[in-house]
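What follows is a set of notes on a single structure, which appears directly below.
Protein chains: 2
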Amino acid sequence: MYFSVYDGAVSSRPEVTMAERKRQLVSSELTEAALQLLARKGFDAVTIDEIVATAGVSRRTFFRYFASKEDVVVQFLADMGDGIRAELAARPDDERPSVALRHAVWVPVAACGDHRERVLPVVRLILRTPALRARFLERQAQWSDDLTGEVARRLGRDAGDDMYPRLAAGMALSAFDAVLRRWSESDGAEDPAQLTDRAFAVIAPALDGDGA
Amino acid sequence: MYFSVYDGAVSSRPEVTMAERKRQLVSSELTEAALQLLARKGFDAVTIDEIVATAGVSRRTFFRYFASKEDVVVQFLADMGDGIRAELAARPDDERPSVALRHAVWVPVAACGDHRERVLPVVRLILRTPALRARFLERQAQWSDDLTGEVARRLGRDAGDDMYPRLAAGMALSAFDAVLRRWSESDGAEDPAQLTDRAFAVIAPALDGDGA
DNA sequence: GTCGCTCGTGGCACTCAGTGTCAAGGGGTG
DNA sequence: CACCCCTTGACACTGAGTGCCACGAGCGAC
Chain W
488 MYFSVYDGAV SSRPEVTMAE RKRQLVSSEL TEAALQLLAR KGFDAVTIDE
538 IVATAGVSRR TFFRYFASKE DVVVQFLADM GDGIRAELAA RPDDERPSVA
588 LRHAVWVPVA ACGDHRERVL PVVRLILRTP ALRARFLERQ AQWSDDLTGE
638 VARRLGRDAG DDMYPRLAAG MALSAFDAVL RRWSESDGAE DPAQLTDRAF
688 AVIAPALDGD GA
Chain S
488 MYFSVYDGAV SSRPEVTMAE RKRQLVSSEL TEAALQLLAR KGFDAVTIDE
538 IVATAGVSRR TFFRYFASKE DVVVQFLADM GDGIRAELAA RPDDERPSVA
588 LRHAVWVPVA ACGDHRERVL PVVRLILRTP ALRARFLERQ AQWSDDLTGE
638 VARRLGRDAG DDMYPRLAAG MALSAFDAVL RRWSESDGAE DPAQLTDRAF
688 AVIAPALDGD GA
């Protein structure tokens, strides 16, 4: 499940402990309060004190759940990175890179489209706030490193010696970025899955080239 | 001239005003002190107070020259973005994208190699410090937007309608990133210009494809 | 020369992000 | 009941970044 699509209520599965459920609840409360305030008033106009007052916890507790104000927002989309990597790892090793990477990006992106009402405001907030944009790009850089490793493993190449794996990961995330941006600029009107196809049609010749 | 290769002394050209030269001097002093301290002790271990004490100016003055602690470092490499765009704009409009973009990236990258002693420590500092990495990527995102516009202009395409310009810019900067990283990891041993050639050999098929 | 203008600077106070520490409470376990 | 573990809230503190104001150095006008 990508971008923490919690339902706001505590799931009462018996296998998780009480403390665990309380933690989830506080985290949800905090995320909900933060995203709602930030999207409405803008990133700089909201202080941590406002957020914790709305969520009904202490300032100190906020920083036990999130490393920074940026983190609340970025965390919301953070799981997509793991999703992309996991999806790539699940593709057969002999599949063409362009196909495997397209699928890897496709799945999380399509999930965005499925939760447009919740995800789109967050994406718009990130794209228009430099500090958030920076932190999000930082996160993407980690995704890029992960993807690089996975691509190298699939091809049996050494990422420290060969430039292809890193470039392939970079191109795939450039496509991801372009899709997210187009999707946001169209107010969610364009189909993310289709945008992904179009983006990968452009970069495929390089992904499947001989990588000399 | 990329990455502010000042000489530490005040150039006494008569056509610039006294105040202007003083400003340059303070800026140099600050940059010098900051880079030296940060590279030696690490980003988090150095406070603004230390920097300004070393440079001999007040805390308040620091923020008149740089927007943040990150900014001192990132600014040092910031001109490379303008360089890339300018270089691209200078290429003939009918040149193949792979060739034009390769040249555009090549020139600033080669400049890095020419000032290795000064640039390499900064690059290493950025790559190993998350906060700086984030700010640098943020800056690169601006470069990407600029490049996207220039690519669209060259091809007479609309960047708002066509995904190719944004993807081409993204791929070029992915290549730039990969080169910078390899260069840093090799302690400057590998030739940046040659790394650029190799990276563009990988992405060229996509840059010169029909961009369907 | 000196008056007055401008601009860069330093000093101060303030807000806010982020962290270390400690005491208190609540829930599970013997 | 007593004990332990984990989470929380409260407080204090550092450091980044900003607004404000007064001072002084350069510079043109007279």
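Protein sequences, first through last, are from chains W and S.
Note that this note's numbering numbers the first sequence so that position 22 is 509, with each residue one more than the last.
Note that this note's numbering numbers the second sequence so that position 38 is 525, with each residue one more than the last.
Each residue gets a CB set at the ideal place from its N, CA and C atoms; glycine is no exception.
Flag residue i as yes if its beta-carbon sits less than 8 Å from any beta-carbon of chain S, otherwise no.
| i | result |
| --- | --- |
| residue 634 of chain W | no |
| residue 617 of chain W | yes |
| residue 692 of chain W | yes |
| residue 669 of chain W | yes |
| residue 505 of chain W | no |
| residue 543 of chain W | no |
Please classify residue i as buried or exposed, where buried requires at least 16 other C-beta atoms within 10 Å of its C-beta.
| i | result |
| --- | --- |
| residue 534 of chain W | exposed |
| residue 635 of chain W | buried |
| residue 626 of chain W | buried |
| residue 516 of chain S | buried |
| residue 580 of chain W | exposed |
| residue 557 of chain S | buried |
| residue 504 of chain W | exposed |
| residue 637 of chain W | buried |
| residue 496 of chain S | Summary for residue 496 of chain S: the model assigns pLDDT 45, below 50, so the residue's position carries little reliability; its value from the coordinates is reported in the next sentence. Exposed, by the Cβ-count rule. |
| residue 538 of chain S | buried |
| residue 647 of chain W | exposed |
| residue 664 of chain W | buried |
| residue 671 of chain W | buried |
| residue 685 of chain S | buried |
| residue 676 of chain W | exposed |
| residue 583 of chain W | exposed |
| residue 589 of chain S | buried |
| residue 673 of chain S | exposed |
| residue 570 of chain W | buried |
| residue 542 of chain W | buried |
| residue 527 of chain W | exposed |
According to DSSP, is residue i helix, strand or coil?
| i | result |
| --- | --- |
| residue 685 of chain W | helix |
| residue 563 of chain W | helix |
| residue 555 of chain S | coil |
| residue 602 of chain S | coil |
| residue 530 of chain W | coil |
| residue 664 of chain W | helix |
| residue 516 of chain W | helix |
| residue 582 of chain S | coil |
| residue 501 of chain S | The predicted position of residue 501 of chain S is uncertain, since its pLDDT is 47 and thus under 50; a value taken from the coordinates is nonetheless stated next. Coil at residue 501 of chain S, not helix or strand. |
| residue 695 of chain S | coil |
| residue 573 of chain S | helix |
| residue 658 of chain S | helix |
| residue 638 of chain S | helix |
| residue 496 of chain W | The predicted model places residue 496 of chain W with a pLDDT of 46, which falls under 50 and marks its position as unreliable; any figure quoted below should be read in that light. Three-state result, residue 496 of chain W: coil. |
| residue 645 of chain S | coil |
Please list, in chain order, the chain S residues whose beta carbon lies closer than 7 Å to that of residue i.
| i | result |
| --- | --- |
| residue 664 of chain W | 657 |
| residue 445 of chain W | This structure cannot settle anything about residue 445 of chain W, because the visible part of chain W is limited to 488 through 699. |
| residue 628 of chain W | 620, 624 |
What in chain S is Cβ-close to residue i, meaning under 8 Å?
| i | result |
| --- | --- |
| residue 512 of chain W | By Cβ distance, chain S contributes nothing, its closest Cβ being about 29 Å from residue 512 of chain W, past 8 Å. |
Check the Cβ of residue i against every Cβ in chain S and list those closer than 9 Å, keeping chain order.
| i | result |
| --- | --- |
| residue 676 of chain W | Result: empty, since nearest Cβ-Cβ is about 13 Å, beyond 9 Å. |
| residue 529 of chain W | Per Cβ cutoff of 9 Å: no residues; residue 529 of chain W is ~18 Å from chain S at best. |
| residue 643 of chain W | What residue 643 of chain W touches in chain S: nothing, since even the nearest Cβ is about 17 Å away. |
Is the Cβ of residue i closer than 8 Å to any Cβ of chain W?
| i | result |
| --- | --- |
| residue 637 of chain S | no |
| residue 555 of chain S | no |
| residue 622 of chain S | yes |
| residue 570 of chain S | no |
| residue 646 of chain S | no |
| residue 681 of chain S | no |
Measure the beta-carbon distance from residue i to residue j and round it to whole angstroms, keeping in mind my assumption that it falls under 8 Å.
| i | j | result |
| --- | --- | --- |
| residue 696 of chain S | residue 692 of chain W | 4 Å |
| residue 552 of chain W | residue 689 of chain S | Their Cβ separation, rounded to whole angstroms, is 41 Å, which puts residue 552 of chain W and residue 689 of chain S out of contact at 8 Å. |
| residue 654 of chain S | residue 530 of chain S | The Cβ separation is near 33 Å, so there is no contact. |
| residue 559 of chain W | residue 616 of chain W | With a Cβ gap of about 12 Å, residue 559 of chain W and residue 616 of chain W do not count as contacting. |
In chain W, which residues lie with their C-beta within 8 Å of the C-beta of residue i?
| i | result |
| --- | --- |
| residue 600 of chain S | Those within 8 Å of residue 600 of chain S in chain W number zero; the least Cβ separation is about 17 Å. |
| residue 552 of chain S | Those do not exist, as residue 552 of chain S stays about 19 Å from chain W at its closest Cβ, beyond 8 Å. |
By the criterion of Cβ-Cβ separation under 7 Å, what are the contact partners of residue i in chain W?
| i | result |
| --- | --- |
| residue 567 of chain S | Those within 7 Å of residue 567 of chain S in chain W number zero; the least Cβ separation is about 17 Å. |
Looking at the ligand PLP, does it come within less than 7 Å of residue i, judged from the CB to the closest heavy atom?
| i | result |
| --- | --- |
| residue 627 of chain S | Annotation note on the ligand PLP: not contained in the displayed structure, which lists no ligands. |
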